[in-house]
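Heads up, the thing below is written out as structure tokens.
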Amino acid sequence: MSLAGERKQKLNKNLDKILKSLKKKYNPEKIILFGSLASGKVGEWSDIDLLIVKNTRKNPLERKKEVDNICDVNIAFDPIIFTPQEVKERLRWKDYFIQEILNKGKLLYERH
């Protein structure tokens, strides 16, 4: 198996672990995968890029620390945690990055 193939397999295994942990312990509204793993263009340096949407009063640094502690994986993991209101604001600002995530990312979880 190629390095990229091995990396993709390792990323997917860790992604499953991350999703289970987040759903059980963090109670997000949505989890969206974006970046190379979502597009299928995985290289040997690819990481796990997630947009996590959760209603919270915590500041961005506290959110990141909380998610990192919950997930506890030994792989490059780059979560972005926004509240639903922050996502709406960024869309109003025509934030290209958020538009790309919402348009091209893969919705992995949505709380009903």
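Following the numbering used here, the numbering of the sequence shown begins with 1074 at its first residue and continues without gaps.
Cβ atoms here follow ideal geometry from the backbone N, Cα and C, with glycine treated the same way.
This one's a predicted model, so the numbers in the text were calculated from it and none came from an experiment.
Asked: Can you name the start and end residues of the alpha helix (DSSP H) that residue 1140 belongs to?; Found: 1133-1144
Asked: Tell me, please, which residues DSSP counts as bridged to residue 1095.; Found: Answer is none; residue 1095 lacks a bridge partner.
Asked: Pick helix, strand or coil for residue 1081, following the three-state DSSP scheme.; Found: helix
Asked: What number of angstroms, rounded off, separates the C-alpha of residue 1160 from the C-alpha of residue 1116?; Found: 29 Å
Asked: Whole angstroms is fine: what's the gap from residue 1109's alpha carbon to residue 1094's?; Found: 22 Å
Asked: Give me whichever residues DSSP pairs with residue 1160 in a beta bridge.; Found: None, per the DSSP bridge assignment.
Asked: What separation, rounded to the nearest whole angstrom, lies between the Cα atoms of residue 1075 and residue 1155?; Found: 35 Å
Asked: For residue 1170, does the count of other Cβ atoms within 10 angstroms reach 16, so buried, or fall short, so exposed?; Found: exposed
Asked: Which of helix, strand or coil does DSSP assign to residue 1151?; Found: strand
Asked: So what does DSSP say about residue 1114, is it helix, strand or coil?; Found: coil
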